[in-house]
Amino acid sequence: MSLELNSTEELIADIKDGKMVILMDDEDRENEGDLVIAANAVTPEVVNFMAKYARGLLCLTLMPEQCKRLELPLMVDNNTAQLATNFTVSIDAAEGITTGISAYDRYKTVIDAVQVNAKPADIVVPGHIFPLMAQQGGVLARAGHTEAGCDIAKLSGRTPAALIVEIMNDDGSMARREDLIKFSQKHDLKIGTIADLIEYRMMNETTVSVEDEFVYATQWGEFKVKKFKDRITETEHLAFFKGELNAEKAVPVRVQYGHFFRELRGLESNDDYWTAQRAMKTIADNGSGVMVVLNSNESVPIEIDEIGARKSKDNYAYQNVGIGSQILKNLGVGKMKLMSPEIRFPALSGFGLEITEFISYNK
Numbered sequence: 001m002s003l004e005l006n007s008t009e010e011l012i013a014d015i016k017d018g019k020m021v022i023l024m025d026d027e028d029r030e031n032e033g034d035l036v037i038a039a040n041a042v043t044p045e046v047v048n049f050m051a052k053y054a055r056g057l058l059c060l061t062l063m064p065e066q067c068k069r070l071e072l073p074l075m076v077d078n079n080t081a082q083l084a085t086n087f088t089v090s091i092d093a094a095e096g097i098t099t100g101i102s103a104y105d106r107y108k109t110v111i112d113a114v115q116v117n118a119k120p121a122d123i124v125v126p127g128h129i130f131p132l133m134a135q136q137g138g139v140l141a142r143a144g145h146t147e148a149g150c151d152i153a154k155l156s157g158r159t160p161a162a163l164i165v166e167i168m169n170d171d172g173s174m175a176r177r178e179d180l181i182k183f184s185q186k187h188d189l190k191i192g193t194i195a196d197l198i199e200y201r202m203m204n205e206t207t208v209s210v211e212d213e214f215v216y217a218t219q220w221g222e223f224k225v226k227k228f229k230d231r232i233t234e235t236e237h238l239a240f241f242k243g244e245l246n247a248e249k250a251v252p253v254r255v256q257y258g259h260f261f262r263e264l265r266g267l268e269s270n271d272d273y274w275t276a277q278r279a280m281k282t283i284a285d286n287g288s289g290v291m292v293v294l295n296s297n298e299s300v301p302i303e304i305d306e307i308g309a310r311k312s313k314d315n316y317a318y319q320n321v322g323i324g325s326q327i328l329k330n331l332g333v334g335k336m337k338l339m340s341p342e343i344r345f346p347a348l349s350g351f352g353l354e355i356t357e358f359i360s361y362n363k
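Under the UniProt record's numbering, the residue at position 41 of the sequence shown is numbered 41, and the numbers go up by one with no gaps.
Here it is in C-alpha cells:
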C-alpha cells in the first residue's frame, strides 16, 4: 500500500460516518477515480459538491434486488459498452421535486430510491439520476466502481447502495492518480483502491468453490481439471491445467466463454482468435498453463458439444473478470501470459494476479 493511499479499513470507517471517499481501480498512475458515498448518507450539499468539483455523471449503484423492487429495466438489452456498465433507465423522485436537476431534487431521488420499502410508484422515468445495477458477488464478480460502491457501503453497515461520480480536472480531462491525490488532499478526503477492496474481501470470502477434480485426455496429452461452482449464480466453470503452477512463474493462460468443446473437437475454427485447440496446444508445448472455461448459462456437463454462445467482445470479459480471477488464484497462478488481444483489466492486483504479457494469435 502506498503511503499516499488509505487502507480499505479507513475507507469503510469514513463511509460508515457518512463521508465521501475516492476510489481508484488500483495504484497505476493512469487510473481514473470516482467520488463515492453511501446512498443513504447523501445530502443536497453532497450532490452539489459532486456536481461542482467532480463534474462527472452522478450515478446510483444498486443491487439487483433493489432494481427489481423498483422495476427498473436495463437501459439497453444488448450492452456493447467497453466496460459493460449496467445502466438502467434514468430516474427522478415521483414527488417532492421540481425539474429533477437541482441538488435537492437529485438528493430526494437518491434517498427515495434506496429505501428498503421503495416501490415503483416512488420514482418516475426518465430522470436525472442514473442507476447502475451491480453484479451479485460485488467486486469478487466484477471489479468495477458500480460493485465497489455497493460493497463498501454494505461493509460499513449501511444499505448496499452508493452515489458515485467520476472526477475530472478543471480543463475537462479525466483526473489521474496524481490529480486524484491532490484532490483528496485539497478536500480532506480518504483515497484508496478497488484492488485493495478486493484483497480485503478475499481474505475472508470467495464466491467460487471446487466441486470436482478429474483428468481429461486430449490429443495434446492429459490435463488436470477442476470444476468450480459459483455460489451466487449457481453456474459452473472448468479449469484445465498442466504442469507446475505457482505465483512467481508466469504461465500461458486463456479464459474462454463458449464453444470450448466444439472447438476442441475441431467443429469450429477461426483464423482470427485463440481457439480452444490452439490454446491447449500452446499450454501443452509450454509444459504448464491454464485454460479456464467460463459458462454463462446453467451448467457445464462434460459431454455437451458447447458451452453457450460465444461472447468474444471485451465487455463480457469485464463482466466476468472476478470469477476467472478467483479460479486462477485457487489454482496458484500469480503471473500470467494471457492468450488474448491486449485488454486492460482493472484491479487484477487485488486478486494477487499480474499479466506479464499479452500473447496475440498469429496465423
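Glycine included, C-beta positions come from ideal geometry on N, C-alpha and C.
Could you spell out the range, first to last residue, of the beta strand (DSSP E) harbouring residue i?
i	result
D212	208-218
F241	236-242
D230	221-230
K337	335-338
I164	162-166
Q136	Run containing Q136: none; DSSP gives neither H nor E here.
To the nearest angstrom, report how far apart residue i and residue j are at their CA atoms.
i	j	result
I167	R201	25 angstroms
G100	D230	40 angstroms
S360	D212	32 angstroms
A239	A217	14 angstroms
residue 414	V46	Residue numbering for the chain in the displayed model covers 1 to 363; residue 414 lies beyond these limits and cannot be assessed.
S7	I15	13 angstroms
A309	K227	Its pLDDT being 36, under 50, A309 is placed unreliably by the model, and the measurement read from it follows with that caveat. A309 and K227: Cα-Cα distance of roughly 20 angstroms.
A113	I123	7 angstroms
G352	T275	27 angstroms
M339	N286	13 angstroms
Q136	G324	15 angstroms
E244	V215	15 angstroms
K52	L58	11 angstroms
N48	S349	34 angstroms
A13	G138	19 angstroms
L140	T233	12 angstroms
L189	Q277	50 angstroms
Under DSSP, the alpha helix (DSSP H) around residue i begins and ends at which residues?
i	result
P346	Run containing P346: none; DSSP gives neither H nor E here.
F130	Counting along the chain, F130 falls outside any alpha helix (DSSP H), though it belongs to the beta strand (DSSP E) covering 123-133.
S46	It should be noted that the sequence gives Val, not Ser, for residue 46. Its alpha helix (DSSP H) spans residues 44-49.
P64	64-69
E198	Glu is not the amino acid found at residue 198; the sequence shown has Ile there. Segment 194-202, the alpha helix (DSSP H) holding I198.
L23	Run containing L23: none in the alpha helix (DSSP H); it sits in the beta strand (DSSP E), 21-24.
Nearest to residue i by CA position, among the options, is which residue?
i	options	result
T356	G221, E248, E263, I327	E248
residue 364	K190, M203, E234, G289	As displayed, the chain neither begins before 1 nor continues past 363, which places residue 364 out of reach and without an answer.
I343	F358, M75, A13, I129	F358
Starting from the C-beta of residue i, find all residues in its chain whose C-beta is less than 7 angstroms away, skip the five residues before and the five after it, and write them out in chain order.
i	result
T61	L132, A134, T146, G149, C150, A161, A162, I164
W220	M280, K281, A284
P120	L70, E71
Within a Cβ cutoff of 6 angstroms, which residues of the same chain sit near residue i, ignoring the five residues on either side of it in sequence?
i	result
E298	In this prediction, E298 has a pLDDT of 35, which is less than 50 and means its spatial position is unreliable; nothing more can be read from the coordinates.
F345	V321
T206	Q326
Looking only at its chain, what residues have a beta carbon closer than 8 angstroms to the beta carbon of residue i, apart from the 5 residues adjacent to it on each side?
i	result
I97	Y104, D105, K108, T109
I208	Per the sequence shown, residue 208 should be read as Val rather than Ile. These residues qualify, in order along the chain: F228, K229, D230, R231, H237, I323, Q326, I327, N330.
Contact the segment 31-40 vs the segment 85-92: 3+ CB pairs below 8 angstroms: Not touching, per the Cβ criterion.
Cβ pair count under 8 angstroms reaching 3, the segment 176-187 against the segment 157-165: Contact fails: fewer than three Cβ-Cβ distances are below 8 angstroms.
So, do the segment 19-29 and the segment 187-196 have three or more beta carbon pairs nearer to each other than 8 angstroms? Judged by Cβ distances under 8 angstroms, the segment 19-29 makes contact with the segment 187-196, as three or more pairs qualify.
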